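K.L.:
Numbering (full-length UniProt numbering), first residue to last: 1 to 728.
A virtual CB, placed ideally from N, CA and C, is assigned to each residue, including glycine.
This one's a predicted model, so the numbers in the text were calculated from it and none came from an experiment.
1. By DSSP's criteria, residue 574 is part of a beta bridge. Which residues make up the other side?
2. Where do the N-terminal and C-terminal ends of the beta strand (DSSP E) with residue 271 fall, by residue?
3. What is the DSSP secondary structure of residue 67, counted as helix, strand or coil?
4. Measure the C-alpha to C-alpha separation of residue 283 and residue 159 and round it to an integer number of angstroms.
5. For residue 255 and residue 305, I'd like the C-alpha separation in whole angstroms.
6. Between residue 501 and the rest of its own chain, which residues show a CB-CB distance below 6 Å, the 5 nearest in sequence each way excluded?
7. Spatial neighbours of residue 92 within its chain, please: CB distance less than 8 Å, with the 5 preceding and 5 following residues excluded, ordered by chain position.
8. Whole angstroms is fine: what's the gap from residue 532's alpha carbon to residue 603's?
9. Just how far apart, CA to CA, sit residue 141 and residue 209?
10. Can you give me the Cβ contacts of residue 191 inside the same chain, cut-off strictly under 7 Å, excluding the 5 residues immediately before and after it?
11. Pull up the CB-CB distance for residue 274 and residue 149, whole angstroms please, since I reckon it's below 8 Å.
12. Does residue 147 pass the burial test, meaning 16 or more other C-beta atoms within 10 Å, or should it be called exposed?
13. For residue 216, collect the residues of the same chain with a Cβ closer than 6 Å to its Cβ; drop the 5 residues on either side in sequence, then sort them by chain order.
14. Below 8 Å between beta carbons: does that hold for residue 555 and residue 578?
15. Restricting to runs no shorter than 4 residues, where is the alpha helix (DSSP H) found entirely within the stretch 200-227?
16. Could you tell me the boundaries of the alpha helix (DSSP H) in which residue 705 lies?
17. Any contact of the stretch 523-537 with the stretch 592-602, i.e. 3+ C-beta pairs under 8 Å?
18. Between the C-alpha atoms of residue 62 and residue 198, what's the straight-line distance to the nearest angstrom?
19. Is the distance from the Cβ of residue 658 to the Cβ of residue 644 below 8 Å?
20. Relative to the C-alpha of residue 729, which candidate in 431, 688 and 397 has its C-alpha closest?
21. Is the separation between the beta-carbon of residue 410 and that of residue 461 shorter than 8 Å?
22. Counting pairs of Cβ atoms below 8 Å between the stretch 346-364 and the stretch 65-77, do you hit three or more?
23. Cutting at 6 Å between CB atoms, please list the residues of its own chain near residue 136, excluding the five before and the five after it.
24. Give the DSSP-derived three-state secondary structure of residue 627 in the structure shown.
25. Can you have a look at residue 459 and say buried or exposed, based on whether 16 or more other CB atoms are within 10 angstroms of its CB?
26. Identify every residue that forms a DSSP beta bridge with residue 230.
27. Which term fits residue 574, buried or exposed, when burial requires 16 or more other beta carbons within 10 angstroms of its beta carbon?
28. In its own chain, which residues sit with a C-beta less than 8 Å from the C-beta of residue 517, not counting the 5 before and 5 after it?
29. Can you list the beta strand (DSSP E) stretches of 3 or more residues lying completely in the stretch 475-528, in chain order?
30. So what does DSSP say about residue 455, is it helix, strand or coil?
31. Whose C-beta lies closer than 6 Å to the C-beta of residue 536 among residues of the same chain, with five residues either side of it excluded?
32. For residue 429, which of 710, 442 and 703 has the nearest alpha-carbon?
33. Output yes or no for whether 8 Å exceeds the beta carbon distance between residue 341 and residue 211.
34. From which residue to which residue does the alpha helix (DSSP H) around residue 114 run?
35. Would you kindly report the start and end of the unbroken beta strand (DSSP E) that includes residue 196?
36. What are the boundary residues of the alpha helix (DSSP H) that residue 469 is part of?
Right, here's the structure in full:
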C-alpha cells in the first residue's frame, strides 16, 4: 500500500515537471521561431545597421559630420556661413603712402599674414610675379597650391615653380570666353611643344575624356640638360563658369577622383583665369575635407571633422575664399555623394532624404529664376544668389587686384614728368626763405602754382592719355602733361567716350579748357566739393553768374544763364568757351554738372542723389564725349565711370561681372576706384537703378541685398526721391 502511494506520488511529480517543461519550452520555441521569421524579414535592415556601426567605427569623423548634415535645414545656410565661429581673421589694411592732401587715395591690404604659405623661388628671398599659396594639413593626402594665373612675363617662373614644388596635376578652371577684356583666354601651356627659358614643355594631347566638365592633357616637362622628365596631368575645366558651380555635385566628385588618381601623392595646383575664383576654392575645400575626414579617428578635436572649421583653416592660409550659400549647399551635396560612392556612407533612406531636401532648395531657387527674361537677367540672377558670403567674395575679388602693380613701361611720360617736377620741387624747397605769411615750405602751394600734377603716387597711363596745351606758352617744361585718360567702349549699338581727369590746379586750368575746346566735349562732370577749394585740392575755373567771364591762357569761358541748383545735391550751368585771337572767333558750348556732396573718403549717404545725377548726365550729354573730374581723377571719377559702364553692359543684355568691368576701366585709367566702399557703392547704385525690375522679378531681393550692402558700408537710413527735377 505504501509502495503504491509512493509510485503515484512520483507519477504526479513527473507530470508536474513535464507540464512545467512544456510550459517554458513551447513559448521559447515559439519566440525563437518568431525571431527567426523576423530576422529573415528584416535581414537587410539588420545587416545595414551592423555595417553602419562598423563603418562609423572605421570612419568616425565622416559619421560625426553626417549626423549634422542629416538634420541640417538648407534654408538656414546663410546663418551658418555668417556664424562668427567660422569667420577667419581678416587681413589688416595699411594706409598707402600719400601726401597730406591725397585723402581720396584708398587703403591697401596687408597680405603679409599669409606669407607663411606663400610659395617663393628656391633662393628664399625673392618673390614670384604671381601669388601662389600652399594649402596643407597633416591629414591630407597631398599638398594643394592655389595660384594666380601667370602673366606672359611670368610663364617661365610658373613652370619653374611647378617643377620645384613637385606638381603632378594642374586644375585650370578657365571656362568663360568673355572673362578678359580681349574676350579669350591665352593658355600658358603649349598646343604641342614650347620652350620657356631652359624649360621644355611637351603636350601629348588628351589623356582622359571621362571627366564631364574637363579635358585632361598629358604634359612632359624637362629642364636644361637634365634627363629627368616630369609627367604632369593638366585638367582644363570648361564647364564651370565664374561665379557659379558646376552643373551637378557628381561632376566635382568625378573631377576630384580623376585628379587624385593622376596626382598620386604629388602636389596639385589649382588656378583660374586671373585671381582665384569661387570654383578654385570649392575644388580645394572639397579635396581637403574628404581627405581629412577619411583619415584619423579623433572626433574630440572639432578642427578635424567640422567642415566649416576645416574651410576656416584654409581661408587663414590665403586671402579670399568666401562662398555663397548656394556654393556651400553644393559642397555639402558633393561631399555626401562622394562618401556614398566610396561606400563610406550607405545609400539609404536618410541619404535619399538629404538629396531630396537639397534638390528642393535648388528647385525653389531655380523656380524664382524661371520667369526672368529681362535684358538684365544675368544681373537679376546674380542678386538672386546674393548673401553675405557672395558679397564677401565680391569684396575679396576687388581687394586682390593689387592696383598698385603698374608696369613701368606703360607710364613712361608720367614717370619722366613726375621726376622733373620732383626735382623742381626739391630745388624750390632748398632755396625757400621763410616769411611771416609762409614760415615753412608748402608742397601743396608749389604744385598749385607751378606743378602739373598733384600726387606723385597716382600714375597716368601712356595709352589713351589726353594732352592739354597752353596756347600762351611755346615750350612747356612739363610737355603739355595733363593727368587725364580717355575711357571708351562700344557695346552693341551703344558707344560711350569719357575722359577721367584730375580736377585742375590753378596753373593748369588753361589746359583743361584746351581739351574741352579741341575735343568739343558735351560737358564736364565735377565731383570735387566746394569746401575742398580752400584746401587747394582743386581750382574753380568757371564763373557762377550769368554773363561773367574768366580767361585762362588762350581761352575765355563765359557763363550763359547762371547756375541752377536743386535739392538733389547738384548744380548745373551752360557755358561758352572761345579761343582768343582767332579770326573768325571760334566758340563752343558745353555744360558743367557739379555734384556737391560726395566726400572724398566716403560714398554719398543718399544714393538716390547719385542716381538722379547720373540720369542728368545721360539726359544732358546723351552719348557724347564728356569729362569727369575729381581731386585725384581715379577715386570718385572711377566710381562714376564704372557705374555708367556697367549700366551700358547690362542694358545691352551683357553678363554682370564687376571685376571684368573694373579691369577694363583700369586698362584705360590706372588705379580707378581706390576703396572697397567705393566698389560696393557701385553695386548699391545699380540695385537702385534697377529697383523696379528687381522687385517685379524677385520680390524681396532688393531689400535683402540693400541691407547687406548698407551693413557693409555702415550706413543707416536713406532718403527716397520719387521725381527728377529738370535743370534745363
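P.N.:
Reading off the structure:
1. Answer is 560 and 591.
2. Boundaries of the beta strand (DSSP E) around residue 271: 267-271.
3. In this structure, DSSP gives residue 67 a helical state, which the three-state scheme calls helix.
4. Annotation: residue 283 to residue 159 spans about 22 Å, alpha carbon to alpha carbon.
5. Cα to Cα, the separation comes out at about 23 Å.
6. The residues 484, 627, 629 and 633, in chain order, have a CB closer than 6 Å to that of residue 501 in the same chain once the five nearest residues on each side in sequence are set aside.
7. Cβ neighbours of residue 92 beyond the five flanking positions: 109, 110 and 113.
8. Here the alpha carbon of residue 532 sits roughly 16 Å from the alpha carbon of residue 603.
9. Straight-line Cα distance between these residues: approximately 24 Å.
10. Excluding positions up to five away in sequence, the list reads 203.
11. Sure, about 6 Å apart at Cβ, within 8 Å.
12. Taking all protein chains shown into account, residue 147 has 16 or more neighbouring C-beta atoms within 10 Å of its C-beta and is therefore buried.
13. Spatial neighbours of residue 216 in its own chain (CB-CB distance under 6 Å, excluding positions within 5 residues in sequence) are listed in chain order as 207, 208, 233 and 235.
14. By the CB criterion at 8 Å, residue 555 and residue 578 fall inside the cutoff.
15. List check, alpha helix (DSSP H) in window: nothing returned.
16. Residues 701-713.
17. Short answer: they touch.
18. Between residue 62 and residue 198, the C-alpha separation is close to 46 Å.
19. Taking 8 Å as the Cβ cut-off, residue 658 and residue 644 do not qualify as a contacting pair.
20. The first residue shown for the chain is 1 and the last is 728, placing residue 729 beyond what the model contains.
21. A contact, by the Cβ cut-off of 8 Å.
22. Touching, yes, given that three or more Cβ pairs across the two stretches are closer than 8 Å.
23. The answer, listed in chain order, is 143.
24. Shown here, residue 627 sits in a strand according to DSSP, grouped into three states.
25. Residue burial is scored here from C-beta neighbours: residue 459 has at least 16 other C-beta atoms within 10 angstroms and is therefore classed as buried.
26. Answer is 221, bridged to residue 230.
27. With a 10 Å radius around the Cβ and a threshold of 16 neighbouring Cβ atoms, residue 574 comes out buried.
28. The answer, listed in chain order, is 555, 577, 579, 586 and 588.
29. Within the stretch 475-528, the complete beta strand (DSSP E) runs of at least 3 residues are 484-491, 494-502 and 523-526.
30. Coil, per DSSP.
31. Within the same chain, residue 536 has close Cβ partners 444 and 448.
32. For residue 429, the nearest C-alpha among the options comes from 442.
33. No, Cβ-Cβ distance for residue 341 and residue 211 is not below 8 Å.
34. Per DSSP, residue 114 belongs to no alpha helix (DSSP H) and is neither H nor E.
35. Annotation: the continuous beta strand (DSSP E) that includes residue 196 extends over 193-196.
36. Note, residue 469: premise wrong, no alpha helix (DSSP H); not H, not E.
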